[in-house]
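Peer 1:
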Amino acid sequence: MNIIKRIKIENIKGKDNWELTFDDFNANQPNIIVAPNGYGKSTLAVAFEAASRGCIKLKPKDYYMQDVSNHPMLEIELLGDHRGVYTTTDSEGGISKNFTVYTINSPLYAKNTTREFGGNTAATADLRVEDVIIFDKIPPKAELKYSYSKLRDWFGDKSKLFVNIGKMLLSYHNIDLLLSNIESIKKCCTQRTIQKKMSTFLSDCSDKGTAKFIKSSISDEKTDELYGVIHLKELLKVIDDMEGKDYDWRKIDTILTAIQICKLMTELGDWKELKKVHQYLYYKQVKSILDERLKMFNTTGRSITTHEKNKKLLVSFERADSMSNGERDVLSFIANLTKFEVVFSKPMGILVIDEVFDYLDGSKLLAVQYYLSKLVNECKRNNKLLFPIIFTHLDPNVFSNYYFKKKNIHYISCYSRIDLGSSIVKLLRLREKTDNSNLKQEIGAYYLHYHSQNHSPSELLLNNMDSDFHYNSEEFREAVYNEIRTKYLSTNNTMYDPLMVIIGIRLKIEEDIFHSLQVNQQREFLETHKVINKLVFAEKKGIDIPELYYLLQPLYNDGLHLGKDDKLVKQKIKSCYLKTDNLHIKHMIEELFT
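Numbering-wise (the UniProt record's numbering), the sequence shown opens with residue 1 and increments by one.
1) If contact is defined by three or more beta carbon pairs under 8 angstroms, each pair taking one atom from either stretch, is the region 167-185 in contact with the region 232-245?
2) So L578 and Y371 are supposed to be a Cβ contact under 8 angstroms. How far apart are they, rounded?
3) Can you find at least 3 beta carbon pairs, one from the region 193-208 and one from the region 154-170, that sit closer than 8 angstroms?
4) Look at E547 and Y450 and say whether their C-beta atoms are less than 8 angstroms apart.
5) Can you tell me which of the three DSSP states N397 falls into?
6) Among the residues of its own chain, which have a CB less than 6 angstroms from the CB of E77, if the five just before and after it don't count?
7) Within the continuous alpha helix (DSSP H) that includes R477, where are the two ends?
8) Should H231 be labelled buried (16 or more other beta-carbon atoms within 10 Å of its own) or exposed?
9) On the DSSP bridge list, what partners appear for D354?
10) Is K41 near I33, with beta carbons less than 8 angstroms apart?
11) So, helix, strand or coil for Y86, using DSSP?
12) Which partner residues does Y411 have in the DSSP bridge list?
13) Does the contact criterion of 3 or more C-beta pairs under 8 angstroms hold for the region 279-293 versus the region 138-152?
14) The alpha helix (DSSP H) with T200 in it runs from where to where?
15) If you measure between the beta carbons of H455 and S467, is that distance less than 8 angstroms?
16) Expressed to the nearest angstrom, what Euclidean distance is found between the alpha-carbon atoms of L170 and L274?
17) Is the beta carbon of Q285 closer than 8 angstroms to that of Y172?
18) Check this for me: beta carbons of N2 and L385, under 8 angstroms apart or not?
19) Three-state secondary structure (DSSP) at N98?
20) Can you tell me which of E527, N582, I505, H561 puts its alpha carbon nearest to the alpha carbon of L553?
21) May I ask you to report which of helix, strand or coil DSSP gives R302?
22) If you follow the alpha helix (DSSP H) that V343 is in, where does it begin and where does it stop?
23) Does the structure place the region 348-366 close enough to the region 380-397 that three or more beta carbon pairs sit under 8 angstroms?
24) Taking L420 and N438 to be in contact with their CB atoms under 8 angstroms, please state how far apart those CB atoms are, rounded to whole angstroms.
25) Decide if Q29 is buried, meaning its Cβ has at least 16 other Cβ atoms within 10 Å, or exposed.
26) Below 8 angstroms, can you find three or more Cβ-Cβ pairs linking the region 51-63 to the region 86-102?
27) Once DSSP output is grouped into helix, strand and coil, what is the label at W271?
28) What separation, rounded to the nearest whole angstrom, lies between the Cα atoms of Y49 and E341?
29) Which same chain residues end up closer than 7 angstroms to Q66 when comparing Cβ atoms and leaving out the 5 residues on each side of it in sequence?
30) Going by C-alpha distance, which of N11, D321, S199, M495 is nearest residue 602?
31) How far does the alpha helix (DSSP H) with M588 in it extend, from its first residue to its last?
32) Tell me where the alpha helix (DSSP H) around L507 begins and ends.
33) Could you give the distance in angstroms between the alpha-carbon of S184 and the alpha-carbon of K233?
34) Quickly, what does DSSP pair L385 with across the bridge? List them, please.
35) For G563 and K433, I'd like the C-alpha separation in whole angstroms.
36) Could you give the DSSP three-state label for Y63: helix, strand or coil?
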């Protein structure tokens, strides 16, 4: 398994020395890094972008403390086939020597314009969208000088046997196959033994009758003999894999095409020409693919396509106010993703997507994930390692906005006290995994929901928990309330248990509502399942439920369902911490407990 084990940053933006470690930051799978604003996502994005072109070069504002004497550093530790530590500093570019690194972020920038009026100067600024340069230098037009009419000069009366391969030689896929096997093709053109076998095969073909009749009279034994010749069989395999062949293509057509190609390349006499054709056809293919993608996503009413300017191929968007934010972001993303496919030349790549997905609507978000998945699958087929890193402040476990078959979610937080053996975790997991309905009911009714009766733990519950769990329901409730009051709500305290906090929120809401009800309504309230149903019940009984109780639902619902998978449990605990470690959320919870 190829994974990034560790990322370390020094002296970039708000981080003087920052290290992140991972267990499952896998190659060729989307890695989603979740953190609220201000936790360091932009620091990571700036670090990777700065490390993409050799040594780190930062803008003055991006140095730690805006002090250019602070030397920046990005370090990546890899496990797997390319195990090692890769480092880039302001004097060393180790990462870009081994990785193709590319960052996709907001394309907006401010363009300043000055105008003079009667001797006075007025400056204005408007928002523009950055051009995306797909090719820094457009390759010169090139094609193999193939002419079907020349076959008569080359092969005389036998020329009628040959298929016109002019269109096949205009295909990037086909030229790529030829170039990938160029050494075998060279040997087919130069080795006398192979040349003689091809010449003998052609001589043995009759020139009397129609081409179809002559081809049908050639035995499989003769064609199979050539398919067994070393080097020639590689060329024949290449031709068999080509696209654009006629529907009635046969083995003999493959052999005759091999003879044509060898003759063509010998006549050209310049093997470098094949590489020039390959570069030009690749350029045309990328241009065509990108224009098709832009057309598919373009809902602006404007023509947005690739165009050539100063020998570059680029996509221009001009003014930002001529399109919506979503239109701008998705078109820029598609152009940048295509650009990355062009520049991804090394065996390993890092693609950073900085919060671009956070602002796309549902259908566009689904579509761009499709193209990213296609890129990942292409890397797998080509034995490349790609680490797609998606930065977001939207928790996928809350918003369910990522649909990849395989994905890894990493939460950036200062919370490191994940103890899967703690009483709280064990209690929550026991509730999920037990098949005993009495045990499930006991945990839910008396520990995870408010109940007016003080319940002592049953022998069954105690036998399934560690010896340190001995709470009756009132003691348990007081313990979680105390966690909130003395730890969570105390100034700048990060050493609290987020699971206890969200349990406490739920219990406090239900307790407050219970005591607001008439005595004859309380029993039915306790027997009502799910918090939302309890809120609705109270509303129907005339209780004015504070808006706060509804707003806090995302905190206390999903986080209290912990299943068997340790990885998912850790993710949920980190997700709970990120939700609670927020000044606004803390203020809301403080209001609840005041």
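The C-beta atom is built at its ideal place from N, Cα and C for all residues, glycine as well. As the structure is a computational prediction, the values presented were derived from the model and not from experiment.
Peer 2: Working from what's here:
1) Judged by Cβ distances under 8 angstroms, the region 232-245 makes contact with the region 167-185, as three or more pairs qualify.
2) Not a contact, Cβ separation roughly 28 angstroms.
3) Contact check between the region 193-208 and the region 154-170: three or more CB pairs, one atom from each, fall below 8 angstroms, which counts as touching.
4) Taking 8 angstroms as the Cβ cut-off, E547 and Y450 do not qualify as a contacting pair.
5) Reduced to three states, the DSSP call for N397 is helix.
6) If we look at E77 and ignore the five residues flanking it on each side, its Cβ neighbours are K5, R6, V85.
7) It spans 473-482 - the alpha helix (DSSP H) in which R477 sits, taken as one unbroken run.
8) The residue is buried, with at least 16 neighbouring Cβ atoms inside 10 Å.
9) By DSSP's assignment, D354 forms a beta bridge with F391.
10) Cβ atoms of K41 and I33: closer than 8 angstroms.
11) Assignment of Y86 by DSSP, reduced to helix, strand and coil, places it in the strand class.
12) Looking at the DSSP output, Y411 sits in a beta bridge with V34.
13) In short, these stretches touch, since the Cβ pair count reaches three.
14) Bounds of the alpha helix (DSSP H) holding T200 are 192-204.
15) Contact flag unset, no.
16) So the alpha carbons of these two residues sit roughly 12 angstroms apart.
17) Taking 8 angstroms as the Cβ cut-off, Y172 and Q285 qualify as a contacting pair.
18) For N2 and L385, yes; Cβs fall inside 8 angstroms.
19) It is helical.
20) Contrary to the premise, residue 553 reads as Gln rather than Leu in this sequence. Nearest of E527, N582, I505, H561 to Q553, Cα basis: I505.
21) In the structure shown, R302 sits in coil (DSSP, three-state: anything other than H, G, I, E or B).
22) Start and end: 325-343.
23) Touching, per the Cβ criterion.
24) Contact flag wrong, Cβ pair sits at about 25 angstroms.
25) A residue is called buried when at least 16 other Cβ atoms come within 10 angstroms of its Cβ; Q29 meets this threshold and is buried.
26) Contact check between the region 51-63 and the region 86-102: three or more CB pairs, one atom from each, fall below 8 angstroms, which counts as touching.
27) Here W271 sits in coil by DSSP.
28) Inspection of the sequence shows that residue 49 is occupied by Glu rather than by Tyr. In a straight line, the C-alpha of E49 is about 17 angstroms away from that of E341.
29) So the qualifying residues of the chain are P60.
30) Given that the chain is displayed from residue 1 to residue 594, the structure contains no residue 602 and the question cannot be resolved.
31) M588 -> alpha helix (DSSP H) spans 583-593.
32) That run of the alpha helix (DSSP H) goes 498-516.
33) Spanning the two alpha carbons is a distance of roughly 9 angstroms.
34) The partner list for L385 (beta bridge, DSSP) reads M348.
35) Distance between the alpha carbons of G563 and K433: 7 angstroms.
36) The three-state reading of DSSP puts Y63 in strand, counting E and B together.
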